[in-house]
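From first to last, the protein sequence lines stand for chains A and B. Using this note's numbering, you'd call the opening residue of the first sequence number 14 and step up by one each time. Using this note's numbering, you'd call the opening residue of the second sequence number 14 and step up by one each time.
Protein chains: 2
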Amino acid sequence: MEKRAYHHGALREAMVEAGVALARTGGPSAVVLRAVGRRVGVSHNAAYRHFADREDLLAAVAAGCMTELGRLMLRRTAEVREDDPVQRAWSRLEAIGRAYIDFATTEHGWFRTAFSGATAHPGAASKADGRSDPPSGAGSGTEAGAGADTTDPYVLLGRQLDELVAVGAVPAERRPGAHYAAWSAVHGLSALLVDGPLRELPEDERRLAADTVLAAVARGL
Amino acid sequence: MEKRAYHHGALREAMVEAGVALARTGGPSAVVLRAVGRRVGVSHNAAYRHFADREDLLAAVAAGCMTELGRLMLRRTAEVREDDPVQRAWSRLEAIGRAYIDFATTEHGWFRTAFSGATAHPGAASKADGRSDPPSGAGSGTEAGAGADTTDPYVLLGRQLDELVAVGAVPAERRPGAHYAAWSAVHGLSALLVDGPLRELPEDERRLAADTVLAAVARGL
DNA sequence: CCGTGCATGTTGACATCGGGAACATGCTCT
DNA sequence: AGAGCATGTTCCCGATGTCAACATGCACGG
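Printed below as a string of structure tokens:
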């Protein structure tokens, strides 16, 4: 009983995809109902059958951008080669941080969009719309499951912090609130570099900034 | 030879002021040319005699909001009562950080606006339009001088970090890049709380987050 | 002391956007 | 086969940023 082909087939998904594409180069302000409609070959106002308003669409697009960020994080952490468990845990945390900052600076539009839509994070999750059978279709991979293969950046960071505690790199009593410290630091630098007063920082200064922030995070945990 | 009363007198300043007022409750998107015009009793398009376009006006308004942030920082640091120089330096840094976060959460609109306009920070400053005589008028205080009484948050933070080094609380070799670490952390938390996924965090969690971030910054320097 | 010039503000128009209302179309189920 | 409703379209509106042409009044040169 999936949501199946009516007139267009899967307009909602197509529109989100188009929105993500537009957001990539133009940021959130480029996610314009009429442009999205044009892009999927549908007249504007068609969006209103799938989204309450522009903000609703933007929230869905933002989730898509967030998924892209999560994907990059996963890729980078998977690349870590390290034998010592403690070193590996630290390296993975650094990989996550660098992925975050790199994503922000190279995928400007996606980053700004990811944090423009609503969707608060902690607490609310998994209200579960009881998806029963995972269909065989070679998944689009866009939906973020809450399982082990999630692309949710928040969850990814949390797991890495857990690993640091598990291997004894970080004292357990520091764990509560640790994600706030780590997340804030990388997000702050990213925001300042992308939108903020550090926008025009030269490349070498950017590197210094990233290194300093990541080192400070490690010391601060 | 100041810029003096033509038709309106000081339309530019009035418009920036109006913009700041609008931004306070509505954020950057509330800084609308027509609304600003209406507010100062001037028809729209008048702005084009003083600003290149909306973005230009928004940048000026953003500077005004930034000044408000700086003012709060100054007020809070001035309130610090502490005898030991080292403790005092730390307390002042914390005061700055709390001011930043409090400003973001209580002055939602101002905060978002302050970081929406352009104006990159380091390097460029003080191109100096050679203001000669500081008039006697009980100053509006809106212009940020580069002097000792600046309200520029960036400069304020830098000074506090200098003090920490001066009293020996922070090793000098950590000074370069230190403002990136401190600024990023508080800005990141602020951004996440105001606009981002932490938007709906309950009050006690917000406090935990702020405490954790500030403690981590202190340890990380 | 007067008139010209330019800075300042106004009016009108246009394209684009988000959004509402009424209408058309074609799956899907009885 | 026919009815009903989800889906998409068309027409419309007010608001907004921006351009072009126009009006006005202060300042400065003669």
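Cβ coordinates follow ideal geometry from the N, Cα and C atoms, glycine included. On a predicted model such as this, the values are computed, not experimentally measured, just so you know.
With 16 or more other CB atoms across the displayed protein chains lying within 10 angstroms of its CB, B/Asp165 is buried. The straight-line gap separating the alpha-carbon atoms of B/Ala108 and B/Val93 is approximately 8 Å. Identification of residues in the segment 162-176 of chain B having a C-beta nearer than 8 Å to some C-beta of chain A yields Tyr167, given in sequence order.
Exposed is the label assigned to A/Ser56, since fewer than 16 other Cβ atoms lie within 10 Å of its Cβ. Nearest CB-CB separation between A/Gly110 and chain B: not below the 7 Å threshold.
Here A/Ala185 is exposed: its Cβ has fewer than 16 other Cβ atoms, across all protein chains shown, within 10 Å.
Residue state for A/His192 is assigned as helix, using DSSP reduced to three classes.
Inter-residue distance for B/Glu120 and B/Arg37 is about 7 Å (C-alpha atoms, whole angstroms).
Against chain B, the CB of A/His63 has no partner CB under 7 Å away; the residue lies outside that interface. Straight across, the Cα-Cα distance linking A/Ala72 with A/Val33 is about 11 Å. In the structure shown, B/Ser42 adopts helical secondary structure according to DSSP, grouped into three states. The Cβ-Cβ distance between A/Gly40 and A/Gly122 falls below 7 Å. Counting every other CB atom within 10 Å of its CB across the protein chains shown gives A/Asp208 a total of 16 or more, marking it as buried. For A/Ala204, at least one C-beta of chain B is nearer than 7 Å to its own C-beta. Annotation: A/Glu213 is outside any alpha helix (DSSP H) and is labelled neither H nor E by DSSP.
By the Cβ neighbour-count rule, A/Tyr61 is exposed, with fewer than 16 other Cβ atoms within 10 Å of its own. Scanning chain B for C-beta atoms nearer than 7 Å to the C-beta of A/Tyr113 yields nothing, as the closest lies near 10 Å away. Per DSSP, reduced to three states, the secondary structure at A/Val53 is coil, with no helix or strand assignment.
Setting aside the 5 residues that flank it on each side, B/Cys78 is surrounded in the same chain by Val33, Ala36, Trp123, Thr126, Ala127, each with a C-beta closer than 7 Å to its C-beta; the list follows chain order.
Looking from the CA of A/Leu234, the closest CA among A/Arg67, A/Ala195, A/Asp217 belongs to A/Ala195.
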